[in-house]
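In the numbering used here, the protein residues as written are 94 to 1451.
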């Protein structure tokens, strides 16, 4: 049984997936293919073959493969290089001869003959590899590619939001491809339909339809509602009654049923859509039509007589004369089009054009300034929407178009068709007539996610297209008789494009590595920003708001607080992304009212028509729903439906929140704003040196710890054969399949945010482990569970004003016991360069530096590991050659004493900056290829090789012991067929006899079944050689030189561990958005204490709860108090030896947890007592989101722990010893220390650098800046009339350069006379005025002062 088990108040029905599966699967599809179109092979196939343009040669793609990386992940971080692998492709150069082969239809040769074929494997560049944790290591830094939410390819309908003068909305349609030109359709205020290409100048839709080859007759057939009128035998015209056509029409004639002759509705009545449908339902199919109504209508087809003679052409507008002649013409039917509502036809009538005019007009809009021809315009138009090279909808775009318009095109058709455009225009015309609904762009069915594989696909495609252009250029000058494929390839192009993406893209981000939760949240983040996305300055409220389709897909809680709120989101726990890029969430099938265990994933589109009930729906033991009417979601509305109609059920109540939000107990009792803050602040928690898992958790802590990659998990089941501080060796117990897994622990590794990554072994030698068991804890992890903070005894109490405005009062015991002490690693780098005066040198002999600052250096001039260093100490001693100058007598003396070096070099050592002190924990020395390694580099190399040899020896020892144990089993009990002292031929081999023989000689003993022994020996030799070969490769990597920048000879990296204890000014918070700053650390004896003398650890302000409405922290406090005191009660019973009561108490605690009760019932009394020892510190509980314990359950546990069910206790003042007037809420609460540490903010400066222009101190701690005496400070001195103080502040104490020197000289001489000069800021102002052509003279002599009145007269010319 595991060391402890949380007390659950709900049941986990669906296991959690791999939390970084989104990143891993997307990259795997890019590298290895799969269901998606984003793979390396597919991109090669789409770009190649590349032809030279003259039919002389063609370069074809055959296959490609990824090589192995040069260094492992940590090796790349150490060396500051990219974790990548070489990509090699086999390309085939086909050279064609002058003659041709094959015959055409008339016997003429059509295909050129192949002259030569040359294949070659070519290095194409390095491709960054994703690490096992879903990150990329670029230039030694871990980065994450954030997924992007963007508008899915396809067609969208919307309105312009601003009504026209008539009060009517104008509608727009937009066809958006994944790659290519946008096509927009829009109406103006006069109902004229226009189109735009790539948001350029609009043209009437007539031009597009003509360019697509449509005539007027085709336009009638495609877009117009044609009414066919037929002539009856009695000479009257009838028309088909269509309710939609009569909607809102005021009758201009009596509506008479043509079949019965009955008057249905009198002239002048207005017909609503309801009335029209009722009339149709009553049998009205045909009605008489008045000839006067035909006036001003248009012929949809040629008016042809019964003899076939064309009387009027199509498109003719009927006049009074035409109508009057109809009864005399020899026609029996006529097809008419009404102008009103037929927007396409009305646009054609207003803006008609020919095919050639349409093509030329489109060309002029797309490429203004160029002289078009019909042929070039046709090619351009074809490439805009119908060419796969220039236009791509993706399979998802084609699927959405098919679904929207009920088309049946194949998924592989990813360009537009004429039918797509026609359907779009038709739908837009219906919307303009207020038939149908616009699309909701924020619906997740209209938005898809682009993940890392898709971004890599785009960059790879760009790189290959650029490479193809270079290939074509190289082919133009190549000699095809001798040229090889590699001579045409420039491999730097592809690598440069991919490197540019990782270094400069807004979606390739420096990984948030403060703690394991921040890592996993960063990898699951979805951003609407970035290239091709939204702009946070222009994004409105709608796109930021929570949408109903976010349920189970995007967390409604976790999002940043600033300008990007709602634009950056997190995936919900169970959500996954399908191959089309849509987010899906899991549901359980409900069949015949029974909730099954079968799970399916639905996208927002699939979910619309489904009836989905909640996970908390009441079911019986067999899973059947109890209630007759069930509360469900249908089409994103809440309804009650019969249980037989329920189709799906949620898998869990927590499926709507993200990973971070799922770690907040009693989240449902917190205000949404505070829950948002709590989710975000958990990611800011600093890993502590003694982490502690929360007593009140949610049950998600273990899953998050595993999913983050911060722990070491057993790959296979086996036995721990060896452990030390850095290594764990696990081996199998199988006789048939023997393997050895070796794990290396991270020790004092620096994270991206300078926190310490340090792993601790949690297993012991000889322990059996299963696949997935945790072998080592990482930072902020305890016993395999996420542990971001500590459990503290908290009191909600106002205490002497020190917890005013969210301030926090802390007990000195917390600081003394290092509960919130954290270790941070600072990295410092010293670069040794080759200068024009000679190479720089690392040495301990640095002139002019006192010995006290060199105490931590070894004989090579590099800090020793383990040395304690203070600010100002030298970490790396380095001297740089300096140019020669006139020699002074003192320098001559130094030259005579110390030699040439004394005067030829200057100190350029690496010093520990101010405000930093700690212990040197690691030193890395990187040296350029071809340079002899210095002593310290050789020492570090030897230590690394020795560590690898130790690991190898442990693995070989495990292998050897295992093989010889198998050999012993084969030999013991068998008859020896040969003599090997002390065993004689014919003797029965015993275990005692074998022990007297060296193990290496056991192979010489001959017995029956010698073939199996030989096979065992061969397995042993092969495995032995395999291990040796692996480690020899590691040795070579360690001995290898490093690739450094041009001119760099050596890089020395020194890592210093800095210990941060809790102190006033540090920021702390809980998990409910309750944050505050430590105001005072109070001695433990002065803190309020309980009746048993226990002082509280922390005091919070009770006024911070009601206004923030985060009541979840109070429930956590009460439940934590029960869990804490239950642990104390168990501990007391164990100390008293009262084991029977221990068992009964444990059973009473877990009586409502069915799974735990089943396990406890299988355990013996001794095992229960042994398990209870792990509960001494408290009984861990899991208050799952939306499924936590109710009030009565918390009260039950409080009573069981012997505490007041109200959760309040009597407190005594630690200073006076008096009891407080009323009971105080006391409990156990989980608190975090955030990375806003006061040590990183506090800063002091005496002297330092100045700005070159203003001569004033720089600003900020990062620049070692100082303070400025600004405008408002001057006002304060002016108000007090402190003239001399003000003059000093603005001159010698600020930016009076000359005055500063004079004052210093005066002070040195003991003179009290100060002379002020001109402030540098005044000179800056004078120069700025001169830049404006204003000459300002600074006059100090009054006699030379000019009369400004005379100047004014002179300027006026008087």
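Backbone N, C-alpha and C define an ideal beta-carbon position, used for all residues, glycine too. Given the structure is predicted, the values throughout are model-derived calculations rather than measurements.
Item to check | Those residues which DSSP pairs with residue 1069 across a bridge | outcome: To locate residue 1069, count along the chain shown from 1; it is residue 976. Within the DSSP secondary-structure output, residue 1069 pairs in no beta bridge.
Item to check | Assumed close pair residue 222, residue 177 - CB separation to whole angstroms, cut-off 8 Å | outcome: Taking the first residue of the chain shown as 1, we reach residue 222 at position 129. Taking the first residue of the chain shown as 1, we reach residue 177 at position 84. Yes, residue 222 and residue 177 are in contact; Cβ-Cβ is about 6 Å, under 8 Å.
Checklist entry - In three-state DSSP terms, what is residue 832? => result Here residue 832 corresponds to residue number 739 of the chain shown, with the count starting at 1. Of the three classes helix, strand and coil, the one that applies to residue 832 here is coil, per DSSP.
Checklist entry - What did DSSP end up calling residue 141 once you bin it into helix, strand or coil? => result If you number the chain shown from 1, residue 141 lands on position 48. The answer is coil: DSSP assigns residue 141 none of H, G, I, E or B.
Next on the checklist: Here's the rule: buried if 16 or more other CB atoms are within 10 angstroms of the residue's CB, otherwise exposed. What is residue 660?
Outcome noted: Counting from one through the chain shown, the residue named residue 660 turns up at place 567. So residue 660 counts as buried.
Checklist entry - Residue range of the alpha helix (DSSP H) that residue 765 falls in? => result Working through the chain shown from its first residue, we reach residue 765 at position 672. Its alpha helix (DSSP H) spans residues 765 to 775.
Item to check | Sheet register partners of residue 505 (DSSP bridge) | outcome: Against the chain shown, residue 505 aligns to sequence position 412. Per DSSP, none; premise fails for residue 505.
Checklist entry - Who are the near neighbours of residue 1280 in its chain, counting only those whose CB is closer than 6 Å to its CB and skipping five residues on each side? => result Taking the chain shown and counting its residues from 1, one reaches residue 1280 at position 1187. Closer than 6 Å at Cβ, skipping near neighbours: 103, 746.
Checklist entry - Is the CB-CB distance between residue 782 and residue 916 below 7 Å? => result Against the chain shown, residue 782 aligns to sequence position 689. Against the chain shown, residue 916 aligns to sequence position 823. In this structure, residue 782 sits near residue 916, with a CB-CB distance shorter than 7 Å.
Next on the checklist: If you follow the alpha helix (DSSP H) that residue 78 is in, where does it begin and where does it stop?
Outcome noted: Because residue 78 is not part of the residues shown, which for the chain are 94 to 1451, the question remains open.
Checklist entry - Taking the C-alpha atoms as reference points, what is the distance between residue 665 and residue 1278? => result Locating residue 665 in the chain shown gives position 572, where the first residue counts as 1. Locating residue 1278 in the chain shown gives position 1185, where the first residue counts as 1. When rounded, the distance between both Cα atoms is 13 Å.
Checklist entry - What residues in its chain sit with their C-beta under 6 Å from that of residue 1305, if we drop five residues either side in the sequence? => result Position 1212 of the chain shown, counted from the first residue, corresponds to residue 1305. Cβ contact annotation for residue 1305 (same chain, cutoff 6 Å, sequence separation greater than five): 1182, 1312, in chain order.
Item to check | Cβ neighbours of residue 1150 in the same chain (closer than 6 Å, five flanking residues each side left out) | outcome: What you label residue 1150 is simply residue 1057 of the chain shown in a count that begins at 1. Within the same chain, residue 1150 has close Cβ partners 916, 918, 1011, 1012, 1014.
Next on the checklist: DSSP three-state label for residue 1168, please.
Outcome noted: Sequence index remark: in the chain shown, residue 1168 carries index 1075 (1-based). Strand at residue 1168.
Checklist entry - If we call anything under 7 Å between Cβ atoms a contact, is residue 455 one with residue 304? => result By one-based count along the chain shown, residue 455 stands at place 362. By one-based count along the chain shown, residue 304 stands at place 211. One thing to note: residue 455 has its Cβ within 7 Å of the Cβ of residue 304.
Next on the checklist: Between the alpha carbons of residue 487 and residue 270, how many angstroms are there, rounded?
Outcome noted: Here residue 487 refers to the residue found at position 394 of the chain shown. Here residue 270 refers to the residue found at position 177 of the chain shown. Taking the CA atoms as reference points, residue 487 sits about 8 Å from residue 270.
Checklist entry - Between which two residues does the beta strand (DSSP E) carrying residue 1305 extend? => result Residue numbering aside, residue 1305 sits at position 1212 when the chain shown is read from its first letter. No beta strand (DSSP E) contains residue 1305, which DSSP labels as neither H nor E.
Item to check | First and last residue of the uninterrupted alpha helix (DSSP H) at residue 1260 | outcome: Numbered from 1 along the chain shown, position 1167 holds the residue referred to as residue 1260. Here the alpha helix (DSSP H) through residue 1260 covers 1258 to 1265.
Checklist entry - Helix, strand or coil: how does DSSP classify residue 283 here? => result In the chain shown, residue 283 corresponds to position 190, counting from 1. In the structure shown, residue 283 sits in coil (DSSP, three-state: anything other than H, G, I, E or B).
Checklist entry - Out of 349, 1177, 923, which has the shortest C-alpha to C-alpha gap to residue 902? => result As a first step, residue 902 is located in the chain shown; it is residue number 809 there, counting from the start. Nearest to residue 902 by C-alpha distance, out of 349, 1177, 923, is 1177.
Checklist entry - What does DSSP give as the partner residues of residue 717 in its beta bridges? => result Residue 717 sits at position 624 when you count from the first residue of the chain shown. Answer by DSSP bridge pairing, in chain order: 687.
Item to check | Three-state secondary structure (DSSP) of residue 198 | outcome: In the chain shown, residue 198 corresponds to position 105, counting from 1. Confidence at residue 198 is low in this model, with a pLDDT of 49, below 50, so its placement is unreliable and no value can be given for it.
Next on the checklist: I believe residue 840 touches residue 851 by the beta-carbon criterion, under 8 Å. Please report the beta-carbon distance rounded to the nearest angstrom.
Outcome noted: Working through the chain shown from its first residue, we reach residue 840 at position 747. Working through the chain shown from its first residue, we reach residue 851 at position 758. Cβ atoms of residue 840 and residue 851 come within 8 Å of each other, at about 6 Å.
Item to check | Whole-number beta carbon distance between residue 535 and residue 635, since they are thought to touch under 8 Å | outcome: Taking the chain shown and counting its residues from 1, the one referred to as residue 635 is at position 542. Taking the chain shown and counting its residues from 1, the one referred to as residue 535 is at position 442. Rounded, the Cβ-Cβ distance is 6 Å, consistent with contact.
Item to check | residue 987 versus 940, 114, 965, 894, residue with shortest Cα-Cα distance | outcome: Here residue 987 refers to the residue found at position 894 of the chain shown. Minimum Cα-Cα distance from residue 987 among the listed residues 940, 114, 965, 894 corresponds to 940.
Checklist entry - DSSP on residue 1090, reduced to helix/strand/coil? => result Start at 1 with the first residue of the chain shown, and residue 1090 comes out as number 997. Residue state, collapsed to three classes: coil.
Checklist entry - If we call anything under 7 Å between Cβ atoms a contact, is residue 630 one with residue 748? => result Start at 1 with the first residue of the chain shown, and residue 630 comes out as number 537. Start at 1 with the first residue of the chain shown, and residue 748 comes out as number 655. No, Cβ-Cβ distance for residue 630 and residue 748 is not below 7 Å.
Item to check | Exposure of residue 243, with buried meaning 16 or more beta-carbon neighbours within 10 Å | outcome: Position 150 of the chain shown, counted from the start, is the residue given in the question as residue 243. The residue in question, residue 243, is buried, as its Cβ has 16 or more Cβ neighbours within 10 Å.
Checklist entry - Mind checking residue 390: buried by the 16 CB within 10 Å criterion, or exposed? => result Counting from one through the chain shown, the residue named residue 390 turns up at place 297. So residue 390 counts as buried.
Item to check | For residue 623, the nearest candidate out of 1007, 251, 548 (CA to CA) | outcome: Residue 623 sits at position 530 when you count from the first residue of the chain shown. Nearest in C-alpha terms to residue 623, of all of 1007, 251, 548, is 548.
Next on the checklist: When you compare the stretch 752 to 764 with the stretch 609 to 625, are there three or more beta-carbon pairs, one atom per stretch, that lie closer than 8 Å?
Outcome noted: The stretch 752 to 764 is in contact with the stretch 609 to 625.
Checklist entry - Measuring CA to CA, which of 151, 934, 795, 140 is closest to residue 876? => result As a first step, residue 876 must be located in the chain shown, where it is residue number 783. For the options 151, 934, 795, 140, the alpha carbon positioned closest to that of residue 876 is the one of 795.
Next on the checklist: Quick check on DSSP: helix, strand or coil for residue 995?
Outcome noted: Within the chain shown, the letter at position 902 stands for residue 995. Only weak support exists for where residue 995 lies, its pLDDT of 48 falling under 50; the coordinates are left without a value.
Item to check | Nonlocal neighbours in the same chain, by C-beta distance under 7 Å from residue 1347, ignoring five residues either side | outcome: One-based indexing of the chain shown puts residue 1347 at position 1254. Within the same chain, Cβ atoms closer than 7 Å to the Cβ of residue 1347 are found at 1388, 1413, 1414, 1417, the five residues on either side in sequence being excluded.
Item to check | Per-residue burial, residue 1273 [other beta carbons within 10 Å of its own, 16 or more giving buried] | outcome: Your numbering for residue 1273 matches position 1180 in the chain shown. Residue 1273 comes out buried.
Checklist entry - Going straight from the alpha carbon of residue 588 to that of residue 218, what length do you get? => result On the chain shown, position 495 is the one that residue 588 refers to. On the chain shown, position 125 is the one that residue 218 refers to. Going by the C-alpha atoms only, they are around 5 Å apart.
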